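Taking it in order: structure first as structure tokens, then the write-up.
There are 2 protein chains.
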Amino acid sequence: MGTLEGMSIDEPGEDCGAVTPRPLRRDAERNRQRILCAASEVLAERGLDATLDDVAHKAGVGVGTVYRRFPGKEALIGALFDDRLSSLVAIGERALAEPDPWTGLVSYLEAAAELLTADRALRQILMFTAFGRDQAARARAQLQPVVTRLVSRAQDAGCVRADLRATDVPFAVFMLAAAADYARPVRPATWRRYLALLLDSLPPARSATTPLPEPPLSPAEMQSAMQCGPVYLR
Amino acid sequence: MGTLEGMSIDEPGEDCGAVTPRPLRRDAERNRQRILCAASEVLAERGLDATLDDVAHKAGVGVGTVYRRFPGKEALIGALFDDRLSSLVAIGERALAEPDPWTGLVSYLEAAAELLTADRALRQILMFTAFGRDQAARARAQLQPVVTRLVSRAQDAGCVRADLRATDVPFAVFMLAAAADYARPVRPATWRRYLALLLDSLPPARSATTPLPEPPLSPAEMQSAMQCGPVYLR
DNA sequence: ACAAAGCGGAGATCCGAACTCCAGATCCGA
DNA sequence: TCGGATCTGGAGTTCGGATCTCCGCTTTGT
């Protein structure tokens, strides 16, 4: 518990304060990358319940190696999701840079949903877990003004209903992510259909419907979606 | 394993075939009811992960009592959700009995979402689990023609877009349930806001927006929603 | 060539949920 | 009212699965 792994003082006499992490041996660094990469895949697919043994296996290293490099599961996840979360913020800023207010809002919804639907662990972190609480809270805090701006700008331009609020946006994304979770094993892009549907509810008025980009699941696909979903129990 | 509890032959000589379950002692029957009732509450709240110890505790009986009455968790859940599932079918039929096609579809969405959002275990059973697989599949099979009818009737009447399909309906309900799952601890009725929003995407055209019945979560509420959600990990 | 650093992965440890068991409490027919 | 049948509580056993440790061996780099 609490090893000082990866922290060592560079110069023997050059005491304390700034501890420069001595660079890892080449093979060790290579493994570290493999681990991060494997963890990223495994977590995206299986969510936070994924085992560190799974990660190690996928990375082609032993569990010990994982634990030598990261204090524990939590630390590994923390390291991984720092950039995921900041890329969410980046998405928001890119959407705000979009000149057309409607396109901006839509592209935010689309990109955010794309990010979340592709990564189950990220979704769990943002929606529920007590896990990366601080990181997630920080991301949310950064995001909130951006999304607020995105919404009100679109409202000012008259292309979005007046009663929409900034907090409705993450809800929309979560709902799409839930749909994706269900349909993914069968047909992963199905969430886009529901994004398109949802978008039709946003303008103050409309004279037609936007065509829905993805076909619906057939009843048979529906059936098999439930067979293989994130199995609870047994 | 495999006790014959609750099954006994009434008359000693009157062999085999129709085994009439001798009625339970009065106290035993009372406890059985308590258990079912407690299980219903606990499962609705905590989902399929709920422990039989939880159920026993809520029912005010010992775990042993639960196991004497039901072979195991699975059996208890099976017993409980038989009627939940058939009430879903009933909702569909009631909606179809509604004379106005639009009102019919809307009332189905609303009632189904109400049922699912109130019961986490039911949602898990319908969406994912390998658990009550047969029961759920049967319910789905019964429901499918009803929903199909509900949708096409509304389309024929011209009040719903032509590209909507029957399988979109359960998706809508699932998405609402996901929203509810997130918002419940903070403000349980929030899903109605998103139902209302969703409904605005259904007509072939519209000249205005329907007022949204529930206020959105404030950013602060959003924050605290995540604090207490269905905690994953740790 | 030889420390130092890193490695694998068996297995120790821990945890929590499902389920069992039996000494007593409770019921109910005679 | 009494006695045997039935039922009860909940401590404790079992089990599975996940986290994390440990140490003999391999790889690196000087």
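Chains D and R supply the protein sequences, listed in that same order. Read left to right, the first sequence gives residues 0 to 233 (numbering that gives the first Met the number 0). Read left to right, the second sequence gives residues 0 to 233 (numbering that gives the first Met the number 0). Glycine is no exception: its CB is placed at the ideal position from the N, C-alpha and C atoms. Note that this is a predicted model, so its numbers are computed, not measured.
{"Query": "Please work out which residues of its chain come closer than 7 Å, Cβ to Cβ, to residue 87 (chain R), disregarding the five sequence neighbours upstream and downstream, and give them in chain order.", "Result": "111, 114, 138, 142"}
{"Query": "Tell me, which residues are paired with residue 205 (chain D) by DSSP?", "Result": "R:205"}
{"Query": "Any idea what DSSP makes of residue 8 (chain R), helix, strand or coil?", "Result": "Model confidence at residue 8 (chain R) stands at a pLDDT of 32, short of 50, so the residue's coordinates are unreliable; what they give is reported in the following sentence. In this structure, residue 8 (chain R) counts as coil in the three-state DSSP scheme."}
{"Query": "By the 9 Å beta-carbon criterion, what residues does the segment 157-176 of chain R contribute toward chain D?", "Result": "160, 161, 162, 163, 164, 165, 166, 167, 169, 170, 171, 173, 174, 175, 176"}
{"Query": "Using only CA atoms, which one of R:215, R:187, R:23, R:90 lies nearest to residue 196 (chain R)?", "Result": "R:215"}
{"Query": "Does the beta-carbon of residue 237 (chain D) have 16 or more other beta-carbons within 10 angstroms, so that it is buried, or is it exposed?", "Result": "This structure gives no information on residue 237 (chain D), because the portion of chain D shown stretches from 0 to 233."}
{"Query": "Does residue 109 (chain R) pass the burial test, meaning 16 or more other C-beta atoms within 10 Å, or should it be called exposed?", "Result": "buried"}
{"Query": "Are at least three pairs of beta-carbons, each pair with one atom in the segment 179-193 of chain R and one in the segment 21-29 of chain R, less than 8 Å apart?", "Result": "no"}
{"Query": "With a cut-off of 8 Å, do at least 3 Cβ pairs link the segment 128-136 of chain R to the segment 144-161 of chain R?", "Result": "no"}
{"Query": "Below 7 Å CB to CB, which residues in the same chain sit around residue 41 (chain R) once its five sequence neighbours on both sides are set aside?", "Result": "49, 53, 54, 57"}
{"Query": "Starting from residue 217 (chain D), find everything on chain R with Cβ-Cβ shorter than 8 Å and list it in chain order.", "Result": "166"}
{"Query": "Here's the rule: buried if 16 or more other CB atoms are within 10 angstroms of the residue's CB, otherwise exposed. What is residue 166 (chain R)?", "Result": "buried"}
{"Query": "On the criterion of 16 or more Cβ atoms from any shown chain inside 10 Å, does residue 154 (chain R) qualify as buried, or is it exposed?", "Result": "buried"}
{"Query": "How would you list, in chain order, the residues of chain R whose beta-carbon sits under 7 Å from the beta-carbon of residue 45 (chain D)?", "Result": "Correct list: empty, because the minimum Cβ distance to chain R is about 12 Å."}
{"Query": "Looking at residue 94 (chain D) and residue 23 (chain D), is the spacing between their C-beta atoms short of 8 Å?", "Result": "no"}
{"Query": "Is it buried or exposed, residue 98 (chain R), if we count other Cβ atoms within 10 angstroms and call 16 or more buried?", "Result": "exposed"}
{"Query": "Which whole-angstrom value describes the C-beta separation of residue 59 (chain D) and residue 33 (chain D), a residue pair presumed to lie in contact below a C-beta threshold of 8 Å?", "Result": "7 Å"}
{"Query": "Taking a Cβ distance cut-off of 7 Å, strictly less, list which residues of the segment 177-201 of chain D are near chain R, in chain order.", "Result": "177, 178, 181, 193, 196, 197, 199, 200"}
{"Query": "What residues in its chain sit with their C-beta under 6 Å from that of residue 189 (chain R), if we drop five residues either side in the sequence?", "Result": "182, 213"}
{"Query": "Does the beta-carbon of residue 204 (chain R) have 16 or more other beta-carbons within 10 angstroms, so that it is buried, or is it exposed?", "Result": "exposed"}
{"Query": "Can a CB atom of chain R be found closer than 8 Å to the CB of residue 211 (chain D)?", "Result": "yes"}
{"Query": "Considering just the uninterrupted stretch of the alpha helix (DSSP H) at residue 31 (chain D), what are its terminal residues?", "Result": "25-45"}
{"Query": "Leaving out the 5 sequence neighbours to the left and right, which residues in its chain are closer than 8 Å to residue 36 (chain D) when beta-carbon positions are compared?", "Result": "58"}
{"Query": "So, for residue 120 (chain D): in the same chain, excluding its five sequence neighbours on each side, which residues have a beta-carbon less than 6 Å away from its beta-carbon?", "Result": "42, 46, 47"}
{"Query": "Leaving out five residues before and five after residue 131 (chain R) in sequence, what residues of the same chain have Cβ atoms less than 7 Å from its Cβ?", "Result": "76, 77, 80, 124"}
{"Query": "With DSSP collapsed to three states, give me the class of residue 170 (chain D).", "Result": "helix"}
{"Query": "State the DSSP-derived secondary structure class of residue 216 (chain D), mapped to helix, strand or coil.", "Result": "coil"}
{"Query": "Could you round the C-beta distance between residue 152 (chain D) and residue 100 (chain D) to whole angstroms and report it? I think they count as a contact, below 8 Å.", "Result": "5 Å"}
{"Query": "What are the complete alpha helix (DSSP H) segments, minimum 4 residues, inside the segment 98-182 of chain R?", "Result": "100-116, 119-126, 132-155, 167-182"}
{"Query": "Identify the contact partners of residue 266 (chain R) in chain D, using a Cβ-Cβ distance below 8 Å as the criterion.", "Result": "The structure shown does not extend to residue 266 (chain R), since chain R is modelled only from 0 through 233, so no value can be given for it."}
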